[in-house]
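In what follows, a single structure is set out as structure tokens and then discussed.
Residue numbers (the numbering used here): 926 to 1149.
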């Protein structure tokens, strides 16, 4: 199965889930792709429901799957109503940058998780040192150029806005951290990125925010 996520991200998510949610709990992988993360969590002992728009592309036939177009309000509304307050955790992994209405998307996650349950969201890190450099020269965030439209990246979101949305929809215990792999200096060979990274080292101490990590990971709880 193709892991459509950054190097190490699924391992980090699985570790976070295992630390926070008891084994055998009910989880929703809301935007599951081919099902690599769903399969990993199922193997760990969780009860998984997966949702995405392409059922033929989903490879984990032993896992319950629901076909949903995330930009179809009627389809989403029916699914949310059917699954309100059901899941111990709802995962939106590399999805929020694909949807048109990010605030509504987070509200939907909140509706489907049980009181006291966890929401986990990951998205490209628009505040990484690399994204800041790309924006400086191009006026666009890293992973949000015209060439990235083929991946469906249409809606960049900063860690600040993600935290704001979670607070406004009533989430508590909000944590946003670096995720994925974006070292400050590549040591695996000389290339353009390693050169840029090296040249940026003198100004790294003056940067603020989440400057490392290909992605950010946000976790939050629904109030009891």
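Backbone N, C-alpha and C fix where the C-beta goes; we use that ideal spot for every residue, glycine too.
Just so you know, these numbers come straight off a predicted model, no measurement behind them.
Along the chain, where does the beta strand (DSSP E) containing residue i start, and where does it finish?
| i | result |
| --- | --- |
| residue 1045 | 1038-1049 |
| residue 972 | 972-977 |
| residue 1129 | Premise fails: residue 1129 is in no beta strand (DSSP E) and is neither H nor E. |
| residue 995 | Residue 995 -> no beta strand (DSSP E), and no H or E assigned at all. |
| residue 1144 | 1140-1146 |
Tell me the rounded alpha-carbon separation between residue i and residue j.
| i | j | result |
| --- | --- | --- |
| residue 1047 | residue 1086 | 13 Å |
| residue 1039 | residue 1027 | 21 Å |
| residue 913 | residue 1042 | This structure cannot settle anything about residue 913, because the visible part of the chain is limited to 926 through 1149. |
| residue 1084 | residue 1007 | 30 Å |
| residue 1053 | residue 933 | 17 Å |
| residue 1090 | residue 1067 | 22 Å |
| residue 1031 | residue 1065 | 24 Å |
| residue 951 | residue 945 | 13 Å |
| residue 1005 | residue 1023 | 18 Å |
| residue 978 | residue 991 | 8 Å |
| residue 1011 | residue 1071 | 38 Å |
I'd like the list of long-range same chain contacts for residue i, defined as Cβ closer than 6 Å, with 5 residues on each side in sequence excluded.
| i | result |
| --- | --- |
| residue 948 | 970 |
| residue 1081 | 1051, 1066, 1069 |
Take the Cβ of residue i as the centre, count every other Cβ of all protein chains shown within 10 Å, and call the residue buried at 16 or more, exposed below.
| i | result |
| --- | --- |
| residue 998 | exposed |
| residue 963 | buried |
| residue 1002 | exposed |
| residue 1129 | exposed |
| residue 1098 | exposed |
| residue 982 | exposed |
| residue 1079 | exposed |
| residue 1127 | exposed |
| residue 1092 | exposed |
| residue 1095 | exposed |
| residue 1077 | exposed |
| residue 1112 | Unreliable positioning characterises residue 1112 in this predicted model, as indicated by a pLDDT of 46, which lies under 50. The coordinate reading is nonetheless provided below. The residue is exposed, with fewer than 16 neighbouring Cβ atoms inside 10 Å. |
| residue 1019 | buried |
Could you spell out where the alpha helix (DSSP H) holding residue i opens and where it closes?
| i | result |
| --- | --- |
| residue 1052 | Note, residue 1052: premise wrong, no alpha helix (DSSP H); not H, not E. |
Go through its chain and collect everything with a Cβ distance to residue i's Cβ below 8 Å, but skip five positions before and after it.
| i | result |
| --- | --- |
| residue 1034 | 955, 1015, 1017, 1044, 1046 |
| residue 1088 | 1099, 1101, 1143 |
| residue 1057 | 1132, 1136 |
| residue 988 | 960, 963, 964, 967, 973, 974, 975 |
| residue 1025 | 996, 1079, 1080 |
Near residue i, which residues of its chain fall below 7 Å by C-beta distance, leaving aside the five closest residues on each side in sequence?
| i | result |
| --- | --- |
| residue 1009 | 1036, 1037 |
| residue 1000 | 993, 994 |
| residue 1140 | 931, 934, 1047, 1048, 1049, 1050, 1104, 1105 |
Fill in: Contained alpha helix (DSSP H) runs [length at least 4] in the segment 1070-1099, N- to C-terminal order
1084-1093
### Message
Quick check for students: name the residue ranges of the beta strand (DSSP E) that lie wholly in the segment 1002-1026, counting only runs of 3 or more.
### Response
1012-1018
message: Extract the residue ranges of the alpha helix (DSSP H) inside the segment 946-971, only unbroken runs of 4 or more that lie entirely within it.
response: 961-968
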